[in-house]
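Visitor: Quick one: this structure, given as structure tokens, is what I'll be asking you about.
Protein chains: 2
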Amino acid sequence: MSKKISIAIDAMGGDNSPNKIIEGIKLFLKKKSSHDDFILNIFGKEDEIKKKIKELNISQNNINIFNSDKVISNEESPLTAIKNSKNTSMWDCLQHQADGKSDISLSAGNTGVLLVISRMILKMMEGVSKPALAGLWPNDKGLNVVLDLGANIDCNDQNLIDFAILGAALFKSLFPNIEPVVSLLNIGSEEIKGTEILKKTSQQLRNSVNKKNFTYNGYIEGNEITNGKSNVIVSDGFTGNVALKTAEGTAKFITNNLKKSLTENLLSKISLLFSYFALKKFKEKLDPRKYNGAILLGLNGPVVKSHGGIDSIGFYHSLDLCYRIIKGNLMSEIKKNLNISKVE
Amino acid sequence: MSKKISIAIDAMGGDNSPNKIIEGIKLFLKKKSSHDDFILNIFGKEDEIKKKIKELNISQNNINIFNSDKVISNEESPLTAIKNSKNTSMWDCLQHQADGKSDISLSAGNTGVLLVISRMILKMMEGVSKPALAGLWPNDKGLNVVLDLGANIDCNDQNLIDFAILGAALFKSLFPNIEPVVSLLNIGSEEIKGTEILKKTSQQLRNSVNKKNFTYNGYIEGNEITNGKSNVIVSDGFTGNVALKTAEGTAKFITNNLKKSLTENLLSKISLLFSYFALKKFKEKLDPRKYNGAILLGLNGPVVKSHGGIDSIGFYHSLDLCYRIIKGNLMSEIKKNLNISKVE
């Protein structure tokens, strides 16, 4: 690729910003020290950003800093967001992207506001009925893309088909050598199961989707999300959000119980000496920071939302995700999928 | 209680029946050897049942055996169930209960058929709009009741309010000394979050529910199911089923990864010697067999569905659940809740 990957970063969103953002950027620059194929456009309070960059001894190659005086508060409601968010660091990122100067935006700020103003500034992509928020989810073979995670409570069959197209394109951009296999999240695997909307979606995916771009694998139940037989899992935003949060809660519940068991007496504490490396590897594989970053798809350009409470390592992973998405040509993958699926 | 607790057991449902059923009954009788407050009414192929009872040396005190020649197949569809299920062991259990000779029915057979014929034979309870399938779910403080787990895909506000009433009564019957705290499963905790149906339900629960029988705690997200702040979690059957299955899948995914990590090299294998008892306790706490048994509520009598693939220990737990539900006067708890909540 001759053109550099250009990422707009909101340095002010989330807890402990801009410090953790700049620390995450430092980590990214270190890992990419042999690459010269990207530009980071950092938006926020210039003085604070520059101070932190100096403190951390970060080289300013591949970095542009843009001053944005205002910051969106975490308490801001999506209803008043448009009025109150002009000239904030988040808004300026999206405007930079809309002007064609960045390929993707990344923010750890207020999710509701980000969804609303992204849609307003970047606008819907032609041929897509609704945007969707996608996430990465570990499975037995690697990673799933799961969407929608909460951008849309009510979805019709056309929305779900669009999510399949968007999700398959995202998967392809991240894992170019693996075929996307799409499934619909349902409460049974038989064709008669589920809502009328799911039945209509399933039938249309079976009948009309060009098999070259992704395979459609039918319905799966919640316990099959992690088995690796599908890698793009489609759902309305209500169900997807409940599934994601329930999985997060269950993971935390189990690992907390494990921790308690392994530290409750001397014998079990001794065992930790021997299992240290095994448990460390286990913990690393399931570290939620590795999966940080929800991707808003369906607009004229992707937007990544980092978790607001995550640390610099988590922020690094969401920045790396931005890089990989653009490197994998997400937007042209989406266009390819849309064009093929519209010609029936 | 002077009247004995009378449980109708379908001996033929699920895998490896009647053997695992009779083995589960043996375990129950052993644990209850000092009790004489129950009768088990066992339905199925009399010869097979008697043979197994003899083989296991089970005393026939507190046991009645009833011959049912037919068994419902696992492939039977709910649509043809009524025609094909007459005089099966499952049907005969429910008829025994409807005739007032058993207080509760227990089956490990076909779930769809059990839901359909239970409703037909036992009939809806007066004042309840829809029946619901409830399950037990471990949390940081003990156990939750979660419902509906899949009996109803579409639910309106009245259905969800009924589920709150039914779930709180079930919790009270199982844990008489703990106050039921009801929450609605949603995708955010603010009042503006979620579907219109959830908003209407929440408002009505806040306004009209008599606080004496349960507390209403507002919305929770999926990651709060296990935190123990609520103990009765209400949802439509689609969302509830996805949440339950996702939690099961996540638990399995994590424990499989843990197992893999702890057995991958000599050092980690040595650690197992030291952590054996700690890990055993951890495993026992999360053993899904302990939570076996979904409870169908809202009919003129409760029905418990055991997992079809579970072993005799799992079946024992669902039988013990039946005993505890009746011992805790579930039906009068439901009537109490219904009466209070109807008088506004």
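Here the protein sequences line up with chains C and H, keeping their order. Going left to right, the first sequence walks through residues 52 to 395 as my numbering numbers them. Going left to right, the second sequence walks through residues 52 to 395 as my numbering numbers them. Each residue gets a CB set at the ideal place from its N, CA and C atoms; glycine is no exception.
#1: Quick check on this structure: which residue in C/I229, C/K303, C/F289, C/N343 has the alpha carbon closest to the alpha carbon of H/T246?
#2: Kindly indicate the opening and closing residues of the beta strand (DSSP E) around C/I100.
#3: Would you call the stretch 134-154 of chain H and the stretch 167-184 of chain H touching, i.e. three or more CB-CB distances under 8 Å?
#4: So for C/G201, helix, strand or coil by DSSP?
#5: Suppose the cutoff is 6 Å on Cβ atoms and the five residues either side in sequence are ignored; what does the same chain contact list for H/G95 look like?
#6: Please report the Cβ distance between H/L184 and H/L194, rounded to the nearest whole angstrom; I am assuming they are in contact, meaning their Cβ atoms lie under 8 Å.
#7: Whole angstroms is fine: what's the gap from H/R257's alpha carbon to H/A219's?
#8: Any beta carbon from chain H within less than 7 Å of C/E395's own beta carbon?
#9: Along the beta strand (DSSP E) that carries C/G186, what are the first and last residues, could you check?
#10: Between C/N67 and chain H, is there a C-beta pair that is closer than 7 Å?
#11: Roughly how many angstroms separate the alpha carbons of H/I90 and C/A329, rounded to a whole number?
#12: May I ask you to report which of helix, strand or coil DSSP gives C/N258?
#13: Can you check which of these residues, C/G344, C/I172, C/I284, C/G352, is closest to C/K386 by C-alpha distance?
#14: Grab me the residues of C/L78's own chain with a C-beta within less than 6 Å of its C-beta, minus the 5 sequence neighbours each way, in chain order.
#15: Just verifying my parser: in three-state terms, what is the DSSP assignment at C/I238?
#16: For the putative contact between H/V232 and H/S281, defined by C-beta atoms under 8 Å, what is the C-beta separation to the nearest angstrom?
#17: Please list, in chain order, the residues of the stretch 177-190 of chain H that have any C-beta partner in chain C closer than 8 Å.
#18: Anything in chain C within Cβ reach of H/V197, meaning under 9 Å, just list it in chain order.
#19: Got a sec: is the Cβ-Cβ distance from C/N308 to anything in chain H below 7 Å?
#20: Just the C-alpha distance for H/L313 and H/S326, rounded to the nearest angstrom, thanks.
#21: Excluding five sequence neighbours on each side, which residues of the same chain lie with their C-beta closer than 7 Å to the C-beta of H/I116?
#22: Within 7 Å (strictly less), CB to CB, does C/A302 reach chain H?
#23: Can you name the residues of chain C whose CB is closer than 7 Å to the CB of H/I238?
#24: Using a 10 Å radius around the Cβ and a threshold of 16 neighbouring Cβ atoms, would you call C/H358 buried or exposed?
#25: Can you give the Cα-Cα distance for H/I305 and C/K336, rounded to whole angstroms?
#26: Are the CB atoms of C/S369 and C/G344 nearer to each other than 7 Å?
#27: Taking the alpha-carbon positions, what's the C/I56 to C/R340 distance?
#28: Name the chain C residues whose beta carbon is nearer than 7 Å to that of H/K332?
#29: Let me check one thing: in DSSP terms, what residues is C/Y267 bridge-paired to?
#30: Between which residues of its own chain and H/Y270 is the CB-CB distance below 6 Å, once the five residues before and five after are set aside?
#31: Name the one or two DSSP bridge partners that C/D61 has.
#32: What separation, rounded to the nearest whole angstrom, lies between the Cα atoms of C/A302 and H/I276?
#33: Any beta carbon from chain H within less than 7 Å of C/N282's own beta carbon?
#34: I need the straight-line Cα distance from C/E127 to C/L173, nearest angstrom please.
Guide: If we stick to the structure as given:
#1: Taking the first residue of the second sequence as 1, we reach residue 246 of chain H at position 195. Answer by Cα proximity: C/F289.
#2: Reading the first sequence from its first residue, position 49 is the one you call residue 100 of chain C. Looking at the DSSP string, C/I100 is not in any beta strand (DSSP E); the run it does join, the alpha helix (DSSP H), is 97-106.
#3: yes
#4: Stepping through the first sequence from its first residue, residue 201 of chain C is reached at position 150. Of the three classes helix, strand and coil, the one that applies to C/G201 here is coil, per DSSP.
#5: Along the second sequence, read from residue 1 onward, the residue named residue 95 of chain H stands at position 44. So the qualifying residues of the chain are A62, M63, P69, S119, S140.
#6: Numbered from 1 along the second sequence, position 133 holds the residue referred to as residue 184 of chain H. Numbered from 1 along the second sequence, position 143 holds the residue referred to as residue 194 of chain H. At roughly 16 Å, the Cβ-Cβ gap does not stay under 8 Å, so H/L184 and H/L194 are not in contact.
#7: For the purposes of this step, residue 257 of chain H is identified with residue 206 of the second sequence, where counting begins at 1. For the purposes of this step, residue 219 of chain H is identified with residue 168 of the second sequence, where counting begins at 1. If I take the Cα positions, the gap works out to 15 Å.
#8: If you number the first sequence from 1, residue 395 of chain C lands on position 344. The pLDDT assigned to C/E395 is 45, lower than 50, so where the model puts this residue is not dependable, and the model offers no usable value.
#9: The sequence position of residue 186 of chain C within the first sequence is 135, counting from 1. Unbroken beta strand (DSSP E) run through C/G186: 183-189.
#10: Here residue 67 of chain C refers to the residue found at position 16 when the first sequence is read from its first residue. No, no contact with chain H.
#11: On the second sequence, residue 90 of chain H is found 39 positions in, with the first residue counted as 1. On the first sequence, residue 329 of chain C is found 278 positions in, with the first residue counted as 1. C-alpha separation (whole angstroms): 50 Å.
#12: Locating residue 258 of chain C in the first sequence gives position 207, where the first residue counts as 1. C/N258 falls in the helix class under three-state DSSP.
#13: Indexing the first sequence from 1 puts residue 386 of chain C at position 335. The option with the nearest alpha carbon to C/K386 is C/G352.
#14: The residue labelled residue 78 of chain C in the question sits at position 27 within the first sequence. Here the set comprises Y367.
#15: To locate residue 238 of chain C, count along the first sequence from 1; it is residue 187. Three-state DSSP puts C/I238 in coil, outside helix and strand.
#16: Translated into positions along the second sequence, residue 232 of chain H becomes position 181. Translated into positions along the second sequence, residue 281 of chain H becomes position 230. The Cβ separation is near 5 Å, so the contact holds.
#17: P189, N190
#18: Against the second sequence, residue 197 of chain H aligns to sequence position 146. Within 9 Å Cβ-Cβ: nothing; H/V197 doesn't reach chain C, min ~10 Å.
#19: On the first sequence, position 257 is the one that residue 308 of chain C refers to. Yes, contact with chain H.
#20: Mapped onto the second sequence, residue 313 of chain H falls at position 262. Mapped onto the second sequence, residue 326 of chain H falls at position 275. C-alpha separation (whole angstroms): 10 Å.
#21: Taking the first residue of the second sequence as position 1, residue 116 of chain H is located at position 65. Within the same chain, H/I116 has close Cβ partners I93, E97, I100, K101.
#22: For the purposes of this step, residue 302 of chain C is taken as residue 251 along the first sequence, with counting starting at 1. Chain H contact via Cβ: present.
#23: Position 187 of the second sequence, counting from 1, holds the residue named residue 238 of chain H. By Cβ distance, chain C contributes G201, F289, N292, V293.
#24: For the purposes of this step, residue 358 of chain C is taken as the residue at position 307 of the first sequence. Counting Cβ neighbours within 10 Å, C/H358 comes out buried, since at least 16 surround it.
#25: Here the question's residue 305 of chain H lines up with position 254 in the second sequence. Here the question's residue 336 of chain C lines up with position 285 in the first sequence. The straight-line gap from Cα to Cα measures roughly 10 Å.
#26: For the purposes of this step, residue 369 of chain C is identified with residue 318 of the first sequence, where counting begins at 1. For the purposes of this step, residue 344 of chain C is identified with residue 293 of the first sequence, where counting begins at 1. Yes, these two residues count as a Cβ contact at 7 Å.
#27: Within the first sequence, numbered from 1, the residue matching residue 56 of chain C stands at position 5. Within the first sequence, numbered from 1, the residue matching residue 340 of chain C stands at position 289. Roughly 23 Å separates the two Cα atoms.
#28: As a first step, residue 332 of chain H is located in the second sequence; it is residue number 281 there, counting from the start. Near H/K332 (Cβ distances below 7 Å), the residues of chain C are S312.
#29: Start at 1 with the first residue of the first sequence, and residue 267 of chain C comes out as number 216. In the DSSP output, where bridge partners are listed per residue, C/Y267 has C/V233.
#30: Residue 270 of chain H sits at position 219 when you count from the first residue of the second sequence. L235, N237, S240, listed in sequence order.
#31: Looking up residue 61 of chain C in the first sequence gives position 10. Beta-bridge pairing links C/D61 to C/F94.
#32: One-based indexing of the first sequence puts residue 302 of chain C at position 251. One-based indexing of the second sequence puts residue 276 of chain H at position 225. Whole-angstrom Cα-Cα distance: 12 Å.
#33: Mapped onto the first sequence, residue 282 of chain C falls at position 231. Closer than 7 Å: no.
#34: The count along the first sequence starts at 1 and reaches residue 127 of chain C at position 76. The count along the first sequence starts at 1 and reaches residue 173 of chain C at position 122. One C-alpha to the other measures close to 20 Å.
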